[in-house]
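> Residue numbers (our numbering), protein chains in the order written: chain U, 1 to 259; chain D, 260 to 518; chain E, 519 to 777. C-beta atoms are modelled at their ideal positions from N, C-alpha and C, and glycine is treated no differently.
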Amino acid sequence: MRNFDGIHPTVQIGDGVVLGEDIVIGPNTIIYDNVHIGSGSRIGANVILGEPCSGFYASSAGYENPVLMIGSGARIRAGSILYSGSTFGDGLETGHRVTIREGTSAGLNFRVGTLSDIQGDCYIGDYVRLHSNVHIGQKSKIGNFVWIFPYVVLTNDPHPPSNELVGVEVDDFAVIATMSVILPGIRIGQDALVGAGSIVNRNVEPESVVVGNPAKKVATVREIKSKKDGGAVYPWRHYFDRGMPWQGIGYDAWLANKE
Amino acid sequence: MRNFDGIHPTVQIGDGVVLGEDIVIGPNTIIYDNVHIGSGSRIGANVILGEPCSGFYASSAGYENPVLMIGSGARIRAGSILYSGSTFGDGLETGHRVTIREGTSAGLNFRVGTLSDIQGDCYIGDYVRLHSNVHIGQKSKIGNFVWIFPYVVLTNDPHPPSNELVGVEVDDFAVIATMSVILPGIRIGQDALVGAGSIVNRNVEPESVVVGNPAKKVATVREIKSKKDGGAVYPWRHYFDRGMPWQGIGYDAWLANKE
Amino acid sequence: MRNFDGIHPTVQIGDGVVLGEDIVIGPNTIIYDNVHIGSGSRIGANVILGEPCSGFYASSAGYENPVLMIGSGARIRAGSILYSGSTFGDGLETGHRVTIREGTSAGLNFRVGTLSDIQGDCYIGDYVRLHSNVHIGQKSKIGNFVWIFPYVVLTNDPHPPSNELVGVEVDDFAVIATMSVILPGIRIGQDALVGAGSIVNRNVEPESVVVGNPAKKVATVREIKSKKDGGAVYPWRHYFDRGMPWQGIGYDAWLANKE
Chain U
1 MRNFDGIHPT
11 VQIGDGVVLG
21 EDIVIGPNTI
31 IYDNVHIGSG
41 SRIGANVILG
51 EPCSGFYASS
61 AGYENPVLMI
71 GSGARIRAGS
81 ILYSGSTFGD
91 GLETGHRVTI
101 REGTSAGLNF
111 RVGTLSDIQG
121 DCYIGDYVRL
131 HSNVHIGQKS
141 KIGNFVWIFP
151 YVVLTNDPHP
161 PSNELVGVEV
171 DDFAVIATMS
181 VILPGIRIGQ
191 DALVGAGSIV
201 NRNVEPESVV
211 VGNPAKKVAT
221 VREIKSKKDG
231 GAVYPWRHYF
241 DRGMPWQGIG
251 YDAWLANKE
Chain D
260 MRNFDGIHPT
270 VQIGDGVVLG
280 EDIVIGPNTI
290 IYDNVHIGSG
300 SRIGANVILG
310 EPCSGFYASS
320 AGYENPVLMI
330 GSGARIRAGS
340 ILYSGSTFGD
350 GLETGHRVTI
360 REGTSAGLNF
370 RVGTLSDIQG
380 DCYIGDYVRL
390 HSNVHIGQKS
400 KIGNFVWIFP
410 YVVLTNDPHP
420 PSNELVGVEV
430 DDFAVIATMS
440 VILPGIRIGQ
450 DALVGAGSIV
460 NRNVEPESVV
470 VGNPAKKVAT
480 VREIKSKKDG
490 GAVYPWRHYF
500 DRGMPWQGIG
510 YDAWLANKE
Chain E
519 MRNFDGIHPT
529 VQIGDGVVLG
539 EDIVIGPNTI
549 IYDNVHIGSG
559 SRIGANVILG
569 EPCSGFYASS
579 AGYENPVLMI
589 GSGARIRAGS
599 ILYSGSTFGD
609 GLETGHRVTI
619 REGTSAGLNF
629 RVGTLSDIQG
639 DCYIGDYVRL
649 HSNVHIGQKS
659 KIGNFVWIFP
669 YVVLTNDPHP
679 PSNELVGVEV
689 DDFAVIATMS
699 VILPGIRIGQ
709 DALVGAGSIV
719 NRNVEPESVV
729 VGNPAKKVAT
739 VREIKSKKDG
749 GAVYPWRHYF
759 DRGMPWQGIG
769 YDAWLANKE
């Protein structure tokens, strides 16, 4: 396919850039200084990698762009902007016009959807899925296998505007549904489910289901049944495996093999 | 006006692209293989048309970009991305940085605002208006003359994450106000009005007004009166005509002529 | 740093553009006719300044782009689009992919975050801070030192769709927290605080705290205490000074000097 093969002649590449083998980069993409991209990666058009941190704007004299590390097999779609000074494990996949600021550390197979905005200074585990238009405030800490759906916001300022930022913590396997807000310092427990449109101002216990404004516990996840066949659907790791390391073998077998 | 006349020399055009007459395309726009654009269209800068589907990323060998059909008189504003494999009737108008994925079928005079994100595999009728930052999940089915306002999300997964996607259905003339979420499989009836900030977890009957979290029926649309002059304002098709096919003649006269 | 020094050779510049001294403009940025940029400004990559108004699309023959005035010391980050026909005081700072339409008048030190969408025909005072993904409807009127947090929408149509737009008014020092919707014509009083996830359908009195859907008054701002040390935190101008003109001297001393 024309314009999508090898490194397009319109691509701008800075100093200190390290590219692995078999990399495709689309038209008009800009790679600033000190970006490392792993082998087999596909970068779309109009992408910016290694966007300079705010220190550059304060004084460009003597500014040195921090390293941006992107693992192998990345899929970075058109229009996304990844700042310098972050690290991504293998298998990163982004939608369009994602913004990820400096100080972000994400594990393996991180997927982040169109328009999502990660404010940096945060930790993200393995196999985390952010859908479209998710906002992750600074100081957030997200475990492994967490799912966050569109228009969810993880906040961090307990009395805005202030200097006392306190991040949200989301434990492994938790699910946060569309258009929910998690207030500063709140912890979402393992396997918990936050229903759509919830405003969460208290910690959510493991395996709890909370909904509403303010969010209240209405069930445990094991009480939720499939609308299709009435069977159990949570904890989801026992009923869903697409793209997960236990795909085709099941969570328990994978876990047993792993240990 | 400089840089906005004819096809700018920085535009990239793939193979199998079919352009009608009198088309303007702004700087840095990329048109991938097999895109058809109707006569009289205006395409802004930094637009991507025919973005490759996910099949391309899985294996670019032998990948053939599906056709993207754009009718005549389109206005596609700067920064928008339309995937290959969709069809748009005449009079398409987009804001900036819209994303529309493959498998979208939209009728005549579709208008979609800045940052809206249509996930594909969905059906959209004639004269539909999506304002800024509307999110349309896969499998949504939207009738004719539907209005959806900013930050509304049409969801599709009844117990996320799952493989059982069930789309939302929005009937003709329905209106969904700002920051509402429509839960999976819900149907919004003809002429209904969903108030701002509603979380809708039950079907909404025709001409009903629902508000709240969860949304409850509070009135019929005919009970709503203008804050300006106390007159009736709904069903809106009898009181609003800008950009509609009944502009200047009224809905009833237009309908009578049409039948 | 390569690709970020002076005016990049890929920048497109229209007619009637007036550039001050010491300006940096990144790759692929487009400046249409009649844009004025003050000295010391830094413009990122893929920015569009002076985007043509809708009159251009209606008929490009004889279209003359209105002037876009940008004061000195601006920081406009990659991917933002500012229309022609607006005016910004000194010290403008934007995140990425901001959209600001024509007829916007903003004062000194306006900061507006990534993905925010200002629909134009609105007034914004001095030292206003919009965080990421804020939507400002047409006819909004925002005072000085106002803070608006992510995913807030200021609406304007009392019975959508209609032609009777009535803007929101936000008075000096007011704070609107994440994911709140302000309904058309509502006024948010000085020093008021709208809690996260509120749907505001009544005027909010000065120094009031409102929360919920619909929003109700739950306290005055002076009753809110710091979660860290139990001290007072509002009105915030007495407890927060970062980036404010009273930084380092305190609000009262600054005010006394000023008068």
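Under the three-state reduction of DSSP, which class applies to glycine 532 of chain E: helix, strand or coil?
Numbered from its first residue, the third sequence carries residue 532 of chain E at position 14. If DSSP states are grouped into helix, strand and coil, glycine 532 of chain E belongs with coil.
> Distance check for glutamate 569 of chain E and glycine 502 of chain D, CA to CA, integer angstroms please.
Residue numbering aside, residue 502 of chain D sits at position 243 when the second sequence is read from its first letter. Residue numbering aside, residue 569 of chain E sits at position 51 when the third sequence is read from its first letter. Their Cα atoms are separated by approximately 23 Å.
> Measuring only between beta-carbons, confirm whether methionine 438 of chain D sits less than 9 Å from chain U.
For the purposes of this step, residue 438 of chain D is identified with residue 179 of the second sequence, where counting begins at 1. Yes, methionine 438 of chain D counts as interfacial toward chain U.
> Pick out the complete beta strand (DSSP E) segments inside the region 536 to 612 of chain E, 3 residues or longer, and give them in chain order.
553 to 555, 566 to 569, 586 to 588, 599 to 601
> Count the C-beta pairs between the region 169 to 178 of chain U and the region 704 to 724 of chain E that are closer than 8 Å, then say yes if the count reaches three, no if not.
no
> Give the range of the beta strand (DSSP E) segment to which alanine 287 of chain U is assigned.
Look at the range of chain U in this structure, 1 to 259, and you will see that residue 287 of chain U is not part of it.
> Within the same chain, show all residues whose beta-carbon is closer than 6 Å to that of glycine 137 of chain U, passing over the 5 residues directly before and after it, in chain order.
Indexing the first sequence from 1 puts residue 137 of chain U at position 137. Result list for glycine 137 of chain U: Gln119, Leu154, Thr155, Asn156, in chain order.
> For isoleucine 548 of chain E, go through chain D and note every residue whose CB falls closer than 9 Å to its CB, in chain order.
Numbered from 1 along the third sequence, position 30 holds the residue referred to as residue 548 of chain E. Near isoleucine 548 of chain E (Cβ distances below 9 Å), the residues of chain D are Asn262, Gly285, Pro286, Asn287, Ala304, Asn305, Ala337.
> Round the Cβ separation of proline 443 of chain D and proline 420 of chain D to the nearest angstrom and send it over; I've been treating them as touching at under 8 Å.
Stepping through the second sequence from its first residue, residue 443 of chain D is reached at position 184. Stepping through the second sequence from its first residue, residue 420 of chain D is reached at position 161. Between proline 420 of chain D and proline 443 of chain D the Cβ distance is about 13 Å, and since that is not below 8 Å, they are no contact.
> Assuming isoleucine 599 of chain E contacts threonine 617 of chain E (C-beta within less than 8 Å), just tell me the rounded distance between them.
Looking up residue 599 of chain E in the third sequence gives position 81. Looking up residue 617 of chain E in the third sequence gives position 99. Right, the Cβ-Cβ distance comes to about 5 Å (below 8 Å), so this counts as a contact.
> Can you find a C-beta in chain E that's less than 9 Å from the C-beta of glycine 297 of chain D?
Locating residue 297 of chain D in the second sequence gives position 38, counting from the first residue. Cβ-Cβ to chain E under 9 Å: no for glycine 297 of chain D.
> Taking DSSP as the reference, what is the three-state secondary structure of glutamate 687 of chain E?
Numbered from 1 along the third sequence, position 169 holds the residue referred to as residue 687 of chain E. Reduced to three states, the DSSP call for glutamate 687 of chain E is strand.
> Could you spell out where the beta strand (DSSP E) holding tyrosine 382 of chain D opens and where it closes?
For the purposes of this step, residue 382 of chain D is taken as residue 123 along the second sequence, with counting starting at 1. Where tyrosine 382 of chain D is concerned, the enclosing beta strand (DSSP E) stretches over 381 to 383.
> For valine 35 of chain U, which of U:Ile48, U:Gly44, U:Pro27, U:Asn28 has the nearest alpha-carbon?
Locating residue 35 of chain U in the first sequence gives position 35, counting from the first residue. Of the candidates U:Ile48, U:Gly44, U:Pro27, U:Asn28, the one whose C-alpha sits nearest the C-alpha of valine 35 of chain U is U:Ile48.
> Count the other C-beta atoms from every protein chain shown that fall within 10 angstroms of the C-beta of arginine 496 of chain D, then say buried if there are 16 or more, exposed otherwise.
Looking up residue 496 of chain D in the second sequence gives position 237. The residue is buried, with at least 16 neighbouring Cβ atoms inside 10 Å.
> Around the Cβ of aspartate 33 of chain U, are there at least 16 other Cβ atoms within 10 angstroms (buried) or fewer (exposed)?
The residue labelled residue 33 of chain U in the question sits at position 33 within the first sequence. The residue in question, aspartate 33 of chain U, is buried, as its Cβ has 16 or more Cβ neighbours within 10 Å.
> Give, in chain order, every residue of the region 409 to 438 of chain D whose Cβ lies closer than 9 Å to some Cβ of chain U.
Tyr410, Val412, Thr414, Asp416, Pro417, His418, Pro419, Pro420, Ser421, Asn422, Glu423, Val425, Met438
> Tell me where the beta strand (DSSP E) around alanine 774 of chain E begins and ends.
In the third sequence, counting from the first residue as 1, residue 774 of chain E sits at position 256. Unbroken run through alanine 774 of chain E is the alpha helix (DSSP H), 769 to 776; no beta strand (DSSP E).
> Measuring only the C-alpha atoms, how far is valine 283 of chain D from isoleucine 302 of chain D?
Here residue 283 of chain D corresponds to residue number 24 of the second sequence, with the count starting at 1. Here residue 302 of chain D corresponds to residue number 43 of the second sequence, with the count starting at 1. Distance between the alpha carbons of valine 283 of chain D and isoleucine 302 of chain D is about 6 Å.
> Please state whether DSSP places tryptophan 505 of chain D in a helix, a strand or coil.
For this step, residue 505 of chain D is matched to residue 246 along the second sequence. Three-state DSSP puts tryptophan 505 of chain D in coil, outside helix and strand.
> Taking Cβ positions, are isoleucine 458 of chain D and alanine 474 of chain D nearer each other than 9 Å?
Mapped onto the second sequence, residue 458 of chain D falls at position 199. Mapped onto the second sequence, residue 474 of chain D falls at position 215. It is a contact, given that the beta carbons lie within the stated cut-off.
> Just list the residues that DSSP pairs lysine 216 of chain U with in beta bridges.
Reading the first sequence from its first residue, position 216 is the one you call residue 216 of chain U. Per DSSP, U:Val211.
> Would you please verify whether the beta carbon of histidine 96 of chain U is less than 9 Å from any beta carbon of chain D?
Counted from its first residue, the first sequence places residue 96 of chain U at position 96. Contact of histidine 96 of chain U with chain D is assigned, a C-beta pair being separated by under 9 Å.
> What does isoleucine 383 of chain D touch in chain U if you count any residue whose Cβ is under 8 Å from its own?
Counting from one through the second sequence, the residue named residue 383 of chain D turns up at place 124. What isoleucine 383 of chain D touches in chain U: nothing, since even the nearest Cβ is about 18 Å away.
> Near valine 11 of chain U, what residues of its chain come up, given a Cβ to Cβ distance below 6 Å and the 5 sequence neighbours on each side ignored?
As a position in the first sequence, residue 11 of chain U is number 11, starting the count at 1. If you ignore the 5 residues before and after valine 11 of chain U, its C-beta comes within less than 6 Å of the C-beta of Ile25, Thr29, all in its own chain and listed in chain order.
> Keeping to the same chain, check which residues put their C-beta closer than 7 Å to that of serine 391 of chain D; ignore five residues upstream and five downstream.
Stepping through the second sequence from its first residue, residue 391 of chain D is reached at position 132. Its chain contains Gly354, Gly372, Thr373, Leu374, Ser375, Pro409 as the residues whose beta carbon lies nearer than 7 Å to that of serine 391 of chain D, once the 5 sequence neighbours on both sides are disregarded; these appear in chain order.
> In angstroms, rounded to a whole number, what distance separates the CA positions of proline 235 of chain U and aspartate 191 of chain U?
To locate residue 235 of chain U, count along the first sequence from 1; it is residue 235. To locate residue 191 of chain U, count along the first sequence from 1; it is residue 191. Roughly 6 Å separates the two Cα atoms.
> Could you compute how far the alpha carbon of glycine 707 of chain E sits from the alpha carbon of valine 751 of chain E?
As a working mapping, residue 707 of chain E is identified with position 189 in the third sequence. As a working mapping, residue 751 of chain E is identified with position 233 in the third sequence. In a straight line, the C-alpha of glycine 707 of chain E is about 18 Å away from that of valine 751 of chain E.
> Output needed in chain order: residues of the region 714 to 731 of chain E with a Cβ under 7 Å from some Cβ in chain D.
Ile717, Asn731
> For my contact list, glutamate 620 of chain E and glycine 603 of chain E are in at a C-beta cut-off of 8 Å; report their separation, rounded to the angstrom.
Here residue 620 of chain E refers to the residue found at position 102 of the third sequence. Here residue 603 of chain E refers to the residue found at position 85 of the third sequence. Contact holds; Cβ gap of about 3 Å.
> Taking Cβ to Cβ, would you say isoleucine 445 of chain D is nearer than 9 Å to asparagine 472 of chain D?
Start at 1 with the first residue of the second sequence, and residue 445 of chain D comes out as number 186. Start at 1 with the first residue of the second sequence, and residue 472 of chain D comes out as number 213. Taking 9 Å as the Cβ cut-off, isoleucine 445 of chain D and asparagine 472 of chain D do not qualify as a contacting pair.
> Output, in sequence order along the chain, the residues in the region 616 to 639 of chain E whose CB is closer than 8 Å to any CB in chain D.
Here the close residues are Thr617, Leu633, Asp635, Gln637.
> Nearest to serine 557 of chain E by alpha carbon, out of E:Ile660, E:Lys746, E:Gly609, E:Val729?
Counting from 1 along the third sequence, the entry for residue 557 of chain E is found at position 39. Closest in alpha carbon position to serine 557 of chain E, among E:Ile660, E:Lys746, E:Gly609, E:Val729, is E:Gly609.
> Give the interface partners of valine 233 of chain U over in chain D, defined as CB-CB distance under 7 Å, in chain order.
One-based indexing of the first sequence puts residue 233 of chain U at position 233. Near valine 233 of chain U (Cβ distances below 7 Å), the residues of chain D are His418, Ser421.
> Does arginine 481 of chain D have its Cβ less than 9 Å from a Cβ in chain E?
Residue numbering aside, residue 481 of chain D sits at position 222 when the second sequence is read from its first letter. Taking Cβ atoms only, chain E never reaches closer than 9 Å to arginine 481 of chain D, which makes this a no.
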